Each structure stands twice: as C-alpha cells, then as structure tokens.
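**Student:** Quick one: the structure is below, questions incoming.
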Amino acid sequence: MRETHSSVVFFVGDRVHKMKKPLDLGFLDNRTRAAREWICHREVELNRRLAPDVYLGVADMHDPGGDVCEHFVVMTRLPDERRMAALIERGEDVGAAVEDVARQVAALHAESPHDPDIDRCATADFVTGLWRLSLDHLDRLQVGREAGPTVTRIRAASERYLQGRRALFEQRIADGRAVDGHGDMLCDDIFCMDDGARIIDCLEFDDELRYGDVTLDLAFLAMDFERLGDLGAARTLLDTYATHTDDHPPASLVHHYIAYRALVRAKVTALRHEQGDPDSREVALGFLAQVARNLDRGRVRLVLVGGVAATGKSTSARTIGHHLRATVLRSDVIRKELAGMAPTERTGDGIGSGLYSEANTEATYRELCRRAVELLARGESVVLDATWLAEEHRRAAREVAASTTADLIEIECTADPEVLVQRIESRTARGDDASDATPAVLDEQLRRRDEWSDAVVLDTTAGGSPDTDWLERELGRAPW
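Shown next as structure tokens:
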C-alpha cells in the first residue's frame, strides 16, 4: 500500500487499486461518494489517452448489505524496477525512453482541442493566479510558515517575471501552444517497458489545472529530472519535443514553469507533512529551494556592455550572451545596417560626421532600445554592445528595463591606453571587424565620456573573456 496526499493505492498481485481519500484539500473536494465515483471514471478516461492498456476501469466496493460504498481505479500493475525514477537512481541511461516520452507527449498535444477555455489557462493572468493560489495555500501550512522569507521572495520573483511577459504569453496562445495536456508528469509515474514508455497518473480532478502551455506540461517532468540530478534527461526531453513540434520557448519561460511545478510539489509534500508524514518537511523545503533556483535562472536580464573603443566590449558581450543564452545586439552592426552597409564596410567618418553624426548615433541607440523591448517582452535576455558614453543613452536603456520588468546590469570595459591603441591598429590592419574606430576616435571618446558610476568595471587589459565565477557573481545563475 502507498499513500499520496489524495489517494490510497493498493498493490495486489498483478493489479493496482486506487481509492480516493474522502477529503477536501482546497484544490479538490472528494468528500462525497458521488464525487469520488466521478473522479475515478474521469481518471480512467483521461489516462487511456496515453496508457490504454494500463487503465482497466473502475471497480465498485459493496458493503455487507450489498450497497455500493466505495470506488477504485483498477490498473495493470507495472514493475517498480522499470519506473524511470528507479532507472535514474540506478545510474542507467534513460535517453531512449525520454525520447519516446517526448514523442508521446507531442502526439498528445497535437491531438488536443483548441478553444477559448484552454487558451485562457495559458494567459499571463491565469498563470499569475496559479502562483498565488499555491503560495497562499502554502502560507497556511506549517512548512510554508517556517519558510516564510523564502516564500515571500518566490512570490515577488514570480510576479515580476509575469508582469513584463504578456506579449510572450499572447504569442504562444496565438501559435497554438495552449493544450489539454497531462498535467502531472513525474519520473515515478513513467514506466520504461521494452515496447515503449507507459505514462500514467495524469491530473484528473480539475481540467483547468491540466490545461495550459505545452512548456508548462513538459516542465513537470523536466523539474523531476532536475530534482533527480539528471539534467541530460531534461535537455533530451525538451530538445526531442522541439524537434517534433518546432516549438522553441525562451529559456526564461522553461525555468519559470519548472519553478511553478516545483512549487506544486512543495505544496503537495507540505500537505503530506500536515497529514502526519514527518519526512515530508525536508522534502518540501528542498522543492522550495528548487523553485527559488529556477526563478533565478529564469530572470530576464538586460545587460549593457560599454566602454571606449577596443576595450573588449564585443568579446565580453559574446561571452555574456553565451552565458545567459541571450541575444547580443551590437551598435556597430546596427549603425551600418540602418545605413544599408555591410558590417565590415569602411567609411572613414569620425565622431560627429557622416555615419557617426549625432543624428545617426541617436537613431542607432533608438533602434538598439526598440529591438531590446521586443525581445525582453518575449522572455529573451538581451546584451547591448555599444560605447554607452552618454548618460542620456544609459537612461533610455534603464527605461527599457523598467518597462519590461527586466533586471538591468551595467558593465563598463576598461584597459590600459597603450593596449587600446595596439588593439585598434591590429583590428584596422585585419579589416574584419565592424568597428571604424581609430586612435583619434579613441582620444575623442575618452574626452567626451560621461562618468558611469552605476557600472561594474571589467578590466580587459590582460585580454581574454570573463570567467565563470565573474559571470555568476555579476549576472546571477544562468539557464541550464
């Protein structure tokens, strides 16, 4: 016999009998026999979408007088040693099974109806409500009260992400990414059989909690892989699904939904602690730590990488972009793009003239900010590679971050003057870079540069790129 927060499951011979607890847990109410009967039939109906040979039907229990008194979901018993969780814990390779799961889930999603009720459950407002319901419920439980400061930080971080991402959620709904999914995929409920995976135990008691973005559906299993320490399996799941569906959500959305799924597990495990399971407390706290980590990894960041010519801005920006899986926008390239020029085409123009006139410079920074707004609203972190010599341009970038509730990080690259001159002369001789800077331009930039007291200083005199410790310290956790 095994017990969950909502069911008691009996394993007898080659059969499994699941009985619903007569409880009101807030998010489900099974106190009446009629409610339990209905939910048993609903569980069989929904789970036959993915495991028709496992779900045999609903059995009725009769009391000594012959009246029906309880109901059981009856299932074929599958071998415990073939649970995906057991395979991972034994160190076995589950790659092929994960690919099979991804294909099955992609097929399930492809067959899903699309209607306003399902779409509504994928909106930013609805997801905001999901977070609040679970966090409010957790606040009423002992574990949630003990972890009060962590829960408060989680609440603020989740709301901040959602506030600036309406365009992302609207676009995904428009693209047909809202579906009736599984709603509760966990490694313990996937059996890796010789003839393919069996995915069981979908969420049956509330359709709205099963509806939502396809990434939300996948995130439950990705969260469980992460919890078990198998990030390779999580990546395989997401990559294989993307191959079959051509869906490539931003990393921030993946981590946001993983965080939400970890919150659900934290709440459910905290409920088991309330029901008398002492070991559930530490497990619930572990899930809360997983929530916080993923919200941190999923932060949408706007990074300004500036400095005078040849300070290594572009090299640093590329490294930062790779670390954050962010889009890098370079002013030198955009400036020439606006003028209809190739990136490496030379102009001979100096500061204040031609391509580098005040009007063209203003247009370049406006375009940088315009593109950044679009990307940030869609959940993409952005690195803006420009000199950022003028405080007014930095203020404009700060307004972009504020309007999209993105975290702003300002970095000023510096190096010894003689090193800067050597780099400019070497770059000019190669002729393979978008920058038109000359030693004379460098002198003018140094003269006109506004102080940048808000920036983190990155000295590149020795060359190379920022190391991982520096990146983690200044930028925070990156997406995995």
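Residues 37 to 516 (the working numbering) are what the sequence shown spells out, left to right. Heads up, the beta-carbon is just placed ideally off N, CA and C, and yes, glycines get one too. Please read all numbers here as calculations on a predicted model, not as lab measurements.
1. Tell me which residue opens and which closes the alpha helix (DSSP H) that S352 is part of.
2. Could you pull out every residue in the same chain whose Cβ sits closer than 6 Å to the Cβ of H359, ignoring the five residues on either side in sequence?
3. Only counting the same chain, and skipping five residues up and downstream in sequence, which positions put a Cβ closer than 7 Å to that of K57?
4. At the 7 Å Cβ level, is H41 part of the contact set with chain C, yes or no?
5. Please report the residue range of the alpha helix (DSSP H) in which H57 lies.
6. Is the separation between the beta-carbon of T347 and that of C449 shorter than 7 Å?
7. For H98, which of helix, strand or coil comes out of DSSP?
8. Exposed or buried, which one is F47 when buried takes at least 16 other CB atoms within 10 Å?
9. Less than 7 Å between the beta carbons of L338 and L444, yes or no?
10. Distance, Cα to Cα, C223 vs M259?
11. Determine, using beta-carbon pairs with one atom in the region 433-440 and one in the region 466-476, whether at least three such pairs fall under 8 Å.
12. Indicate the three-state DSSP secondary structure (helix, strand or coil) for H107 in the structure shown.
13. DSSP state of V130, grouped into three classes?
14. Taking V80 and V109 to be in contact with their CB atoms under 8 Å, please state how far apart those CB atoms are, rounded to whole angstroms.
15. Quick one: grab the DSSP three-state call for A214.
16. When DSSP labels each residue in this structure, what does F162 get in the three-state scheme?
17. What three-state label does DSSP hand V336 in the structure shown?
18. Cα separation between R263 and Y197?
19. What did DSSP end up calling L482 once you bin it into helix, strand or coil?
20. Would you tell me roughly how many angstroms separate the C-alpha atoms of I394 and A160, rounded to the nearest one?
21. Who pairs with C449 in a beta bridge, going by DSSP?
22. With DSSP run on the structure shown, which of helix, strand or coil describes L299?
23. Could you give the first and the last residue of the continuous beta strand (DSSP E) run that contains M229?
24. Relative to the alpha-carbon of A491, which residue among E461, Q311, A426, R202 has its alpha-carbon at the smallest distance?
25. In or out: G200 buried (at least 16 other Cβ within 10 Å) or exposed?
26. How would you call C405, buried or exposed, if buried means at least 16 neighbouring beta carbons within 10 angstroms?
27. Thinking just about the alpha-carbon of each residue, which of N330, D503, A399, V141 is nearest to the one in A353?
28. Could you pull out every unbroken alpha helix (DSSP H) segment of at least 4 residues lying fully inside the region 138-206, listed in chain order?
29. Determine the closest residue to R126 out of G265, Y247, D231, with distance taken between C-alpha atoms.
30. Are the Cβ atoms of D155 and A214 separated by less than 7 Å?
31. Mind checking whether F241 and R234 have CB atoms under 7 Å apart?
32. With a 10 Å radius around its C-beta and 16 neighbouring C-beta atoms as the bar for buried, classify L411 as buried or exposed.
33. With burial defined as no fewer than 16 other Cβ atoms inside 10 Å of the residue's Cβ, what is the status of H291: buried or exposed?
34. Identify the continuous beta strand (DSSP E) that holds V419 and give its terminal residues.
35. Does DSSP put T279 in a helix, a strand or coil?
36. At the level of alpha carbons, what is the spacing between S389 and R463?
**Tutor:** According to the structure data:
1. From DSSP, the alpha helix (DSSP H) with S352 extends over 349-360.
2. Within the same chain, L507, A514 come within 6 Å of H359 by CB-CB distance, once the 5 residues on both sides are set aside.
3. Cβ within range, chain order: S42, S43, V44, N66.
4. Absent from the structure is chain C; it holds one protein chain and no more.
5. Per the sequence shown, the amino acid found at residue 57 is Lys instead of His. Taken as a continuous stretch (DSSP letters only), K57 belongs to no alpha helix (DSSP H), as it is neither H nor E.
6. The answer is yes: Cβ separation under 7 Å.
7. The three-state secondary structure of H98, taken from DSSP, is strand.
8. Under this definition F47 is an exposed residue.
9. For the pair L338 and L444, the CB atoms are nearer than the 7 Å cut-off.
10. So the two alpha carbons sit approximately 10 Å from each other.
11. Taking a contact to require three or more Cβ pairs closer than 8 Å, the region 433-440 and the region 466-476 do not qualify as touching.
12. Three-state result, H107: strand.
13. Reduced to three states, the DSSP call for V130 is coil.
14. Yes, they are in contact, since the Cβ atoms of V80 and V109 sit about 6 Å apart, within 8 Å.
15. Note: A214 maps to strand in three-state DSSP.
16. It is helical.
17. V336 carries a coil assignment under DSSP once its states are collapsed to helix, strand and coil.
18. In this structure, the straight-line span from the alpha carbon of R263 to that of Y197 is close to 23 Å.
19. When secondary structure is reduced to three states using DSSP, L482 falls in the helix class.
20. Residue identity differs from the one stated: residue 394 is Glu in this sequence, not Ile. Put simply, the backbone Cα of E394 is about 40 Å away from that of A160.
21. C449 is bridged to L494.
22. Shown here, L299 sits in a helix according to DSSP, grouped into three states.
23. M229 -> beta strand (DSSP E) spans 226-229.
24. For A491, the nearest C-alpha among the options comes from A426.
25. In the assembly as shown, G200 is a buried residue. Its beta-carbon has 16 or more other beta-carbons within 10 Å.
26. Classified as buried, C405 has 16 or more neighbouring CB atoms from the shown chains inside 10 Å of its CB.
27. The residue with the shortest Cα to Cα distance from A353 is D503.
28. Runs found: 152-156, 160-175, 178-182, 184-199.
29. Checked all of G265, Y247, D231; the closest Cα to R126 is G265.
30. Yes; because the gap between Cβ atoms is below 7 Å, this pair is in contact.
31. By the CB criterion at 7 Å, F241 and R234 fall outside the cutoff.
32. So L411 counts as buried.
33. With 16 or more neighbouring CB atoms inside 10 Å of its own CB, H291 falls in the buried class.
34. Under the DSSP assignment, V419 falls in the beta strand (DSSP E) whose first and last residues are 418-421.
35. Of the three classes helix, strand and coil, the one that applies to T279 here is helix, per DSSP.
36. If you take the alpha carbons of S389 and R463, they lie about 22 Å apart.
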